[in-house]
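Enquirer: All the letters of the sequence shown, read from the start, carry residue numbers 1 to 198 under this note's numbering.
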Amino acid sequence: MKLLFAPASPYSSKVRMAARHLGIELEEVRVNTAENPSELVDANPLGKIPTLITDDGTAIFDSRAIMQYLHRLSDKRLYPKKDEKRTEADVLEALSDGICDSLLAIVYEKRFRPPELVSQDAIDRQWAKINRGLDHLDKHLPKIGKKLHGGHFALASTLGYLMLRFPGEWENGRAALTEWPAKFAKAFEPYPALRPKA
Ligand SMILES: N[C@@H](CCC(=O)N[C@@H](CS)C(=O)NCC(=O)O)C(=O)O
Numbered sequence: 001m002k003l004l005f006a007p008a009s010p011y012s013s014k015v016r017m018a019a020r021h022l023g024i025e026l027e028e029v030r031v032n033t034a035e036n037p038s039e040l041v042d043a044n045p046l047g048k049i050p051t052l053i054t055d056d057g058t059a060i061f062d063s064r065a066i067m068q069y070l071h072r073l074s075d076k077r078l079y080p081k082k083d084e085k086r087t088e089a090d091v092l093e094a095l096s097d098g099i100c101d102s103l104l105a106i107v108y109e110k111r112f113r114p115p116e117l118v119s120q121d122a123i124d125r126q127w128a129k130i131n132r133g134l135d136h137l138d139k140h141l142p143k144i145g146k147k148l149h150g151g152h153f154a155l156a157s158t159l160g161y162l163m164l165r166f167p168g169e170w171e172n173g174r175a176a177l178t179e180w181p182a183k184f185a186k187a188f189e190p191y192p193a194l195r196p197k198a
């Protein structure tokens, strides 16, 4: 199976970590979404990564659909069996991904608009969501036990993206959250290699 990805992409990082955790081998193909390469847009009309292309040519996106697919593919499973724990993992993933959506909205606002058209109001609106999300996470961090699940990988990639693109802008007053990546790296050794990178 081929995974179209970019090293800095947090959603790609989540999926790559999950696949590694499950022992699923992926042929990783690096793409530049800004160039709309045909390999990507022919598979995913949205032109977004990660996009997984299975051996029979089926394209699977977005990252949560890929995570669910990997979960079904592997005996080890990526999400808890019990309903309550499963919902917790799903909501943690939704919150972590949602924070990434807001972070990316800020990155794109600055990257793709001429400086005079960048809207500080739009940026502040996204920061309000991010800050509420991070405060919530700081108080409700998931335990890192024997079984890692999709929510752990989503949180780890979001924090990795913050460390990459927003150093110094999110850590203050959030000691537990700031310490979490180092704890996660002890439970999942490939984290330093697979977290979002420039
Ligand atoms: N909800 C999607 C978001 C994917 C996404 O926005 N990926 C970014 C890179 S991190 C992308 O492809 N951006 C290019 C674009 O929006 O054109 C997912 O979970 O996979």
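A virtual CB, placed ideally from N, CA and C, is assigned to each residue, including glycine.
Would the beta-carbon of Ile60 be found less than 6 Å away from any heavy atom of ligand 1?
Expert: What you label residue 60 is simply residue 60 of the sequence shown in a count that begins at 1. Answer for Ile60: no, Cβ out of range of ligand 1.
Enquirer: Rounded to a whole number of angstroms, what is the C-alpha to C-alpha distance between Phe184 and Ile144?
Expert: Here residue 184 refers to the residue found at position 184 when the sequence shown is read from its first residue. Here residue 144 refers to the residue found at position 144 when the sequence shown is read from its first residue. C-alpha separation (whole angstroms): 7 Å.
Enquirer: Would you check if the distance between the CB atom of Pro196 and the CB atom of Ser13 is smaller than 7 Å?
Expert: The sequence position of residue 196 within the sequence shown is 196, counting from 1. The sequence position of residue 13 within the sequence shown is 13, counting from 1. Yes, the Cβ-Cβ distance between Pro196 and Ser13 is below 7 Å.
Enquirer: According to DSSP, is Val118 part of a helix, a strand, or is it coil?
Expert: Counting from 1 along the sequence shown, the entry for residue 118 is found at position 118. Three-state result, Val118: coil.
Enquirer: Could you name the residues of the same chain whose beta carbon sits closer than 7 Å to that of Leu92, not counting the 5 residues immediately before and after it, in chain order?
Expert: Here residue 92 refers to the residue found at position 92 when the sequence shown is read from its first residue. Hits under 7 Å: Pro142, Gly151, Ala154 and Leu155.
Enquirer: Helix, strand or coil for Phe166 per DSSP?
Expert: Against the sequence shown, residue 166 aligns to sequence position 166. Note: Phe166 maps to coil in three-state DSSP.
Enquirer: Classify Leu137: buried if its beta carbon has 16 or more other beta carbons within 10 angstroms, exposed otherwise.
Expert: Here the question's residue 137 lines up with position 137 in the sequence shown. By the 10 Å Cβ count, Leu137 comes out buried.
Enquirer: Quick check: the Cα distance between Leu104 and Glu88, rounded to an integer number of angstroms?
Expert: As a position in the sequence shown, residue 104 is number 104, starting the count at 1. As a position in the sequence shown, residue 88 is number 88, starting the count at 1. For Leu104 and Glu88, the distance between alpha carbons rounds to 24 Å.
Enquirer: By how many angstroms is the C-alpha of Glu171 removed from the C-alpha of Trp127?
Expert: Counting from one through the sequence shown, the residue named residue 127 turns up at place 127. Counting from one through the sequence shown, the residue named residue 171 turns up at place 171. Each residue's Cα considered, the two are about 13 Å apart.
Enquirer: Could you give the residue range of the alpha helix (DSSP H) that holds Lys146?
Expert: The count along the sequence shown starts at 1 and reaches residue 146 at position 146. That residue, Lys146, is in no alpha helix (DSSP H); it is neither H nor E in DSSP.
Enquirer: Can you tell me where the beta strand (DSSP E) with Thr51 in it begins and where it stops?
Expert: Position 51 of the sequence shown, counted from the first residue, corresponds to residue 51. Residues Thr51 to Ile53.
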